[in-house]
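Only one structure is covered here, and it is reproduced in the block below.
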Amino acid sequence: MKKSTVVVAVVGAATVCAVATLIVKHRMHKSSKWGRAVAIIREFEEKCVTKDSKLKQVADAMTVEMHAGLASEGGSKLKMLITYVDNLPTGDEDGVFYALDLGGTNFRVLRVQLGGKEGGIVHQEFAEASIPESLMVGNSDALFDYIAAELAKFVAAEEEKFHQPLGKQRELGFTFSFPVMQTSINSGTIMRWTKGFSIDDAVGQDVVGELEKAMKRKGVDMRVSALVNDTVGTLAGGKYTHKDVAVAVILGTGTNAAYVERVQAIPKWHGPVPKSGEMVINMEWGNFRSSHLPLTEYDHALDNESLNPGEQIFEKMTSGMYLGEILRRVLLRVAEEAGVFGDEVPPKLKEAFILRTPDMSAMHHDSSSDLRVVGDKLKDILEISNTSLKTRRLVVELCNIVATRGARLAAAGVLGILKKMGRDTPRQGGPEKTVIAMDGGLYEHYTEYRMVLENSLKELLGEELATSIVFVHSNDGSGIGAALLAASHSMYLEDKS
Ligand code: BGC
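In the working numbering, the protein residues as written are 245 to 741.
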C-alpha cells in the first residue's frame with residue numbers, strides 16, 4: 245500500500261469512528277432526554293394518584309366541612325349558602341317567564357312558556373352571547389349594561405303573543421353563578437368573583453339591584469322574581485322532569501353543587517321553618533380545600549398566578565377552566581427540561597391558558613392510529629410541528645392523568661354529599677333512589693371525564709348502592725329552572741288563586 249493510501253485509510257477510519265461516536269452520543273442524549281421526560285411524567289402521575297382510600301378521605305372531609313358551613317356563617321371554606329328556595333317546582337307552574345343565565349364565558353336570555361299541570365314546557369326560546377373579556381374585569385355598570393342591552397334586544401324582537409297584558413310586568417329568574425349571600429329569594433350581595441371574572445366595585449353590592457338599575461337604563465321593564473345559582477336552577481329544572489332529583493352538580497368552566505337539606509340540620513338558619521321543612525343549599529364546593537387533595541407543584545403555581553390565589557382550590561383541580569392549563573404547565577416543564585419538542589421551548593407553550601380544556605378533550609379522545617388529532621392540535625395551537633407518535637402518546641397520557649384526577653375528585657365530592665344526606669349506606673327495604681342532575685360543558689362534552697366520574701362514584705358506593713344512583717344530564721336546566729322558580733315566586737301568584 246502506498247503511503248498516501250495508508251494516510252487516507254487512517255483518516256477515513258478516524259472519521260467513521262468520530263461520526264459513530266457522535267451518533268451514539270446523540271442517541272444517548274436523546275434517550276436520556278426521553279428518560280427525563282418519562283421521569284417528570286411518572287412523578288406527576290404519582291402525585292396525582294387518587295386511590296379509593298384517598299377519595300374516601302376527601303369525601304369524609306367534604307362531609308365535615310358541610311356540617312361546619314351549615315353550623316355558622318364563615319364556619320368553613322364551604323359557604324353552604326342558604327338559597328331561600330324551600331320548594332322545588334311542582335309542575336303546576338303556568339305562564340310566560342324569562343331567565344337570564346350569567347356565569348361563564350357565555351350568557352343566555354330565555355323565554356319559557358309553562359303549561360301548568362300536565363302542560364309542561366309549551367315553548368322555549370333563547371339567545372346566547374359571549375361576554376367580552378374586557379367586561380369580565382371591568383366595572384359593574386359596564387357588565388350589567390351589556391347584559392341588560394341583550395335582554396332589551398330579546399324582548400324587542402318577541403312575537404306579540406308573548407306580550408304581557410296591560411299593567412302586568414314580565415318576570416325574570418336570574419341565574420347568577422357566583423357566590424352570593426342571599427337575603428331573600430330575589431335579593432343578595434355578591435361575595436366574590438370566580439372563573440376569571442374580577443369586578444371589584446360589584447363585590448358587596450346587591451346583584452339584583454345592579455341588574456334592575458341597568459334594566460332601567462336600557463328601558464327594560466322586568467321584575468326579578470328569583471335570584472338563583474346555576475346549581476339551584478339545575479336542581480329545580482331537574483326536579484321538574486325527575487321527581488327523585490335531590491342533588492345538582494355543575495361541571496363546566498367552574499364547578500359547584502347544590503342539594504336539598506333538612507332545615508333542622510341548618511343551625512345558622514334563624515328564619516321560620518318552611519312548610520316543606522327543607523331548604524336548598526348552594527354549597528359553593530369549588531372553594532373546598534383539604535390536606536387530602538393531591539396537589540402538585542403545578543397546581544400551586546397555577547393558583548399563585550391566578551386572579552384569586554388561595555381560593556377555589558377544588559375548582560382549580562376539577563373544572564373546565566383549569567384542566568387544559570394544568571396540562572400546559574406539565575408540557576412546558578417537559579419541554580424545558582427534556583426538550584421533547586426540540587432544543588428550543590416552543591414560545592406558544594409559555595402562554596397561560598392557551599390550551600383549552602375542549603382541545604385537551606379532543607386530544608384525549610383521539611382514536612386514530614397515528615394520533616392525528618393530537619398532532620394537529622399541537623401544531624395549530626402550540627405551533628409544534630412534526631411530533632413523533634411517541635411524543636403524541638405522551639401527551640395523551642398526560643391528558644388522562646389530569647382528567648382522571650379531576651373526575652375522581654368530583655366523584656369524591658358527590659360521595660361527601662350523599663354521606664351528609666345519609667344516602668351512602670343501604671337502608672331497610674332497599675336503598676332510596678337518588679337522581680343527580682348534572683350540567684356544564686365539561687360534563688356534557690368530555691366523555692372520558694364523565695365516565696370516570698360516574699364509574700368512580702359507583703365503585704366507591706359498592707354494588708348494592710350503585711344501582712340507586714342515577715345521573716341525568718339536565719341540559720340547560722339552570723336557565724329553565726330559574727324561569728320555573730320565577731314562576732313559583734311570581735308576584736301575581738296570589739291573584740290566581
Ligand atoms: C361559582 C359557582 C358556580 C360554579 C359553576 C363557580 O366558580 O363560584 O357559584 O355555581 O362556578 O358555574
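Where is the CB? At the ideal position from N, CA and C, for every residue including glycine.
Since residue i and residue j should fall inside the 8 Å C-beta cutoff, what is the C-beta to C-beta distance between them, to a whole number of angstroms?
{"i": "Leu729", "j": "Ala480", "result": "5 Å"}
{"i": "Asn526", "j": "Thr327", "result": "5 Å"}
{"i": "Ala606", "j": "Thr419", "result": "So it is not a contact: roughly 28 Å between Cβ atoms."}
{"i": "Thr669", "j": "Ile713", "result": "Wrong, their Cβ atoms sit about 13 Å apart, outside the cutoff."}
{"i": "Val493", "j": "Gly482", "result": "That belief does not hold up - the Cβ atoms of Val493 and Gly482 are roughly 10 Å apart, past 8 Å."}
{"i": "His608", "j": "Glu708", "result": "So it is not a contact: roughly 32 Å between Cβ atoms."}
{"i": "Ile443", "j": "Leu495", "result": "Not really, about 24 Å apart at Cβ, beyond 8 Å."}
Nearest-angstrom Cα distance between residue i and residue j?
{"i": "Phe341", "j": "Leu395", "result": "13 Å"}
{"i": "Glu580", "j": "Ser276", "result": "14 Å"}
{"i": "His733", "j": "Leu662", "result": "29 Å"}
{"i": "Asn430", "j": "Gly463", "result": "20 Å"}
{"i": "Arg533", "j": "Phe558", "result": "6 Å"}
{"i": "Asp336", "j": "Ala446", "result": "36 Å"}
{"i": "Val507", "j": "Arg355", "result": "32 Å"}
{"i": "Leu653", "j": "Asp465", "result": "44 Å"}
{"i": "Glu372", "j": "Gln556", "result": "27 Å"}
{"i": "Glu569", "j": "Thr711", "result": "35 Å"}
{"i": "Val468", "j": "Pro553", "result": "33 Å"}
{"i": "Gln426", "j": "Thr433", "result": "6 Å"}
{"i": "Lys269", "j": "Ser612", "result": "Residue confidence for Lys269 is low, a pLDDT of 49 falling below 50, so the modelled location carries little weight and cannot support an answer."}
Flag residue i as yes when its Cβ comes closer than 7 Å to any non-hydrogen atom of the ligand BGC, and as no otherwise.
{"i": "Gln556", "result": "yes"}
{"i": "Ala347", "result": "Going by the sequence as given, residue 347 is Gly instead of Ala. Yes, since a heavy atom of the ligand BGC falls inside the 7 Å radius drawn around the Cβ of Gly347."}
{"i": "Asn719", "result": "no"}
{"i": "Asp547", "result": "no"}
{"i": "Phe418", "result": "no"}
{"i": "Lys460", "result": "no"}
{"i": "Phe715", "result": "no"}
{"i": "Pro423", "result": "yes"}
{"i": "Asp543", "result": "no"}
{"i": "Asn473", "result": "yes"}
{"i": "Asn350", "result": "no"}
{"i": "Glu528", "result": "yes"}
{"i": "Asn500", "result": "yes"}
{"i": "Ile494", "result": "yes"}
{"i": "Lys560", "result": "no"}
{"i": "Lys439", "result": "yes"}
Report the three-state DSSP secondary structure of residue i (helix, strand or coil).
{"i": "Ala396", "result": "helix"}
{"i": "Gly725", "result": "helix"}
{"i": "Arg667", "result": "coil"}
{"i": "Ser732", "result": "helix"}
{"i": "Thr499", "result": "strand"}
{"i": "Tyr342", "result": "strand"}
{"i": "Asp389", "result": "helix"}
{"i": "Asp587", "result": "coil"}
{"i": "Asp336", "result": "coil"}
{"i": "Thr562", "result": "helix"}
{"i": "Gln301", "result": "helix"}
{"i": "Gln368", "result": "strand"}
Run through the DSSP bridge pairs and tell me what residue i is partnered with.
{"i": "Val472", "result": "Thr419"}
{"i": "Met466", "result": "Arg414"}
{"i": "Ile525", "result": "Ile326, Tyr503"}
{"i": "Asn350", "result": "Ser374"}
{"i": "Gly359", "result": "Asp338"}
{"i": "Gly432", "result": "Gln426"}
{"i": "Val493", "result": "Ala501, Met682"}
{"i": "His717", "result": "Met682"}
Less than 8 Å between CB atoms is the rule here; does residue i satisfy it with respect to chain B?
{"i": "Asp450", "result": "In the structure shown, chain B does not exist; there is a single protein chain."}
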